[in-house]
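Beneath this line is the structure, given in structure tokens, with notes to follow.
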Amino acid sequence: GKYGLEFMFWLAFFLPSLSVTLGWILILDPDYGIANQLWKALFGAAKGPFNIYSFWGIIWAHIGHNTTAVKVMLLTPAFRNMDASLEEASEVAGAGAIGTLIRILIPIMTPVFMVVLILAIINGLQAFEIEMILGAPIGLHVYSTKVYQLVQQEPPSFGPATALSTLVLLILLPLIVTQRRLIGRRQYTTITGRYRPKRVVLGKWRYPALILVSLVALVITVAPMSFVLMGTFMSLFGFFHIEHPWTLQNWTRVFDDPIFLLSLKNTISMSLGAALLSVALFSLVAYISVRTKFVWRSALDFISWFPSAMPGILMGIGLLWLFLDIPVFRSLYGSLWLLIIATVISSITLGTQLLKSNLLQIGMELEEASQAVGASWWTTYRRIVAPLIFPSLLLVGVLSFIHAARDISNVALLATSGSRTLALLQLDFMVSGRYESAAVVATIVMFLTTGVALLARFLGLRVGIRT
């Protein structure tokens with residue numbers, strides 16, 4: 005039922021951008037896309053109406069990826085936690101459904117709506133992969149693809165790329181401050197000691213709503229995944245009417261490629277390294293912010309929000325300058341450690357906030373008892389706190405693994421031929437027009453991330469039960 009649909013949106017959030025984009029190319033390509041082929045067959049038209057390589061095609065690719073999923077994930081808990089007594093009080097006072105919506109629900113939900121809006125703007129500025137594949141061929145560049153183009157050209161134009169990145173960061177700074185203040189407020193909290201949720205009865209609209217939401221969930225998950233898998237078996241990507249349209253050679257060709265094997269090894273190593281480092285670092289940051297009297301804890305918490313609003317390309321160019329300019333760090337350039345550091349920094353906001361929320365639910369009595377018998381804060385954390393939040397630590401590790409495995413924008417400028425990951429290999433295949441091989445790599449990355457996402461879902465449910 006509703007939990008199954010919620011899981012579909014949750015799963016869509018973890019699907020890699022390039023894999024989903026590849027699926028939509030097979031569906032909406034202006035020349036060989038299945039949707040256009042069906043349109044021409046049904047209506048006898050010379051040309052189909054859909055074009056994924058366009059401004060609106062890029063917007064659709066974002067909607068069909070995780071843009072919708074992110075908003076559902078953020079808004080669902082807010083609506084679920086709405087206290088029914090607020091609506092009932094409004095109805096007792098004589099307000100109708102519209103009046104209750106305007107005077108009660110919308111004002112209460114405004115901070116949440118604003119957070120979602122700000123995150124949407126930030127995510128729009130962070131976008132890279134979809135614009136790189138769909139926009140670059142038609143000369144449609146956004147900030148991130150322009151910076152990438154400036155750095156990748158010969159010779160690299162680091163000056164203009166840095167100037168453009170600085171300009172975008174100045175635009176983002178007010179959004180970071182606003183986002184943190186909105187999330188930090190508690191005026192819109194509706195869960196109290198007398199909290200009681202209310203389930204809305206849809207009546208005759210129940211099944212139409214179910215069909216509509218199910219259709220959206222299927223479109224953003226099953227459709228692109230199915231067509232990407234189909235593309236791995238095509239002799240020529242997108243061409244169904246050639247003499248021998250299906251083959252297994254794509255899989256053989258990719259698995260025999262030493263570059264693929266190196267990229268697979270790099271991906272697993274980097275993802276595991278990022279997961280382990282994330283658990284250690286994020287837990288310490290969360291603990292210091294919530295439990296200690298460290299004088300800079302507020303500043304540390306504020307800094308942990310920055311990566312969530314910093315586009316991956318901007319972070320990549322910043323780390324590139326850092327590791328090339330400082331001699332002690334220069335030896336790390338070209339290694340997986342640089343990629344691990346980039347992916348860990350980019351995911352610190354989510355991991356830290358998740359652990360902070362769990363720490364706030366744990367009473368201080370056990371820690372105070374530990375300190376009373378002379379234990380240091382480190383011993384208290386290691387012996388008392390860490391075991392209590394272990395499910396959350398495990399969940400953070402899994403989420404960091406997924407993020408590292410599919411990440412492109414944060415590592416695109418930092419990887420070398422020896423540290424290329426599967427996601428970057430897929431990008432190389434797509435840029436060079438080798439869509440058959442790209443589909444194979446996309447399928448592997450997709451099953452890797454969704455498989456771990458299923459584990460994360462299981463762990464997430466256990467965290468919710470235990471806390």
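The opening residue of the sequence shown carries number 5 in our numbering; numbering runs sequentially from there.
Every residue gets a Cβ at the ideal spot worked out from N, C-alpha and C, and that includes glycine.
In the DSSP assignment, find the alpha helix (DSSP H) that holds Ser218 and state where it starts and stops.
Arg210 to Ile224
Let me check one thing: in DSSP terms, what residues is Trp250 bridge-paired to?
Met238
Roughly how many angstroms lie between the CA atoms of Ser218 and Phe11, to the nearest whole one?
11 Å
May I ask which residues mark the beginning and end of the alpha helix (DSSP H) holding His245?
First-last for His245: undefined, no H or E at that position.
Mind checking which residues open and close the alpha helix (DSSP H) that includes Gly27?
Ser21 to Leu32
Quick check on Lys51: buried or exposed, where buried means 16 or more other Cβ atoms within 10 Å of its Cβ?
exposed
Pick from His245, Leu342 and Trp341: whose alpha carbon is nearest that of Tyr36?
His245
Are Ser404 and Ala278 touching if we call contact CB-CB under 7 Å?
yes
For the segment 275-360, which segments carrying the beta strand (DSSP E) assignment without a break, of at least 3 residues, lie completely within its bounds, in sequence order?
none
DSSP three-state label for Leu177, please.
Leu177 sits in a helix when the DSSP states are folded into three classes.
Applying the 10 Å Cβ sphere with the 16-neighbour rule, what's the burial state of Lys269?
exposed
Is the beta carbon of Met274 sitting closer than 7 Å to the one on Ala408?
yes
Hey, Phe241 and Glu440: beta-carbon distance below 7 Å or not?
yes
Quick check on DSSP: helix, strand or coil for Thr149?
helix
Using the C-alpha atoms, what's the distance from Ile307 back to Thr166?
21 Å
Is the beta carbon of Ser312 within less than 6 Å of some heavy atom of the ligand GTP?
Judged by which ligands are present, the structure shown has none, so any question about the ligand GTP falls away.
For the alpha helix (DSSP H) that Met434 lies in, which residues bound it at each end?
Leu426 to Val435
Please confirm whether Val146 and Glu158 have their CB atoms less than 7 Å apart.
no
Do you know how far the Cα of Val24 is from the Cα of Val449?
11 Å
Measuring alpha carbon to alpha carbon, tell me which residue in Ile122, Met238 and Pro164 is nearest Pro249.
Met238
What are the boundary residues of the alpha helix (DSSP H) that includes His66?
Phe59 to His66
With respect to the alpha helix (DSSP H) encompassing Arg410, which residues constitute its N-terminal and C-terminal limits?
That run of the alpha helix (DSSP H) goes Phe394 to Arg410.
Inspect the beta-carbon positions of Ala73 and Ala16 and report whether they are closer than 7 Å.
yes
Whole angstroms is fine: what's the gap from Val400's alpha carbon to Ile344's?
15 Å
Under DSSP, the alpha helix (DSSP H) around Lys44 begins and ends at which residues?
Ile38 to Phe47
In three-state DSSP terms, what is Lys51?
coil
Given a threshold of 16 other Cβ atoms within 10 Å of its Cβ, counted over all protein chains shown, does Ile224 qualify as buried or as exposed?
buried
Hey, how far is the Cα of Phe243 from the Cα of Lys44?
15 Å
Write down the C-beta distance between Thr236 and Trp255 rounded to the nearest angstrom, noting that I regard them as a contact closer than 8 Å.
7 Å
Quick check on DSSP: helix, strand or coil for Arg257?
helix
I believe Val289 touches Thr383 by the beta-carbon criterion, under 8 Å. Please report the beta-carbon distance rounded to the nearest angstrom.
Wrong, their Cβ atoms sit about 19 Å apart, outside the cutoff.
Helix, strand or coil, according to DSSP, for Tyr132 in the structure here?
One point to set straight first is that residue 132 is Phe, not Tyr, in the sequence displayed. Coil, per DSSP.
So, do the segment 292-311 and the segment 325-342 have three or more beta carbon pairs nearer to each other than 8 Å?
no
Measuring CB to CB, does Ile321 end up less than 7 Å from Leu417?
The Cβ atoms of Ile321 and Leu417 sit closer than 7 Å to each other.
How many Å lie between Gln292 and Ile352 at the Cα?
The amino acid at residue 292 is misidentified as Gln; the sequence shows Ile. Each residue's Cα considered, the two are about 14 Å apart.
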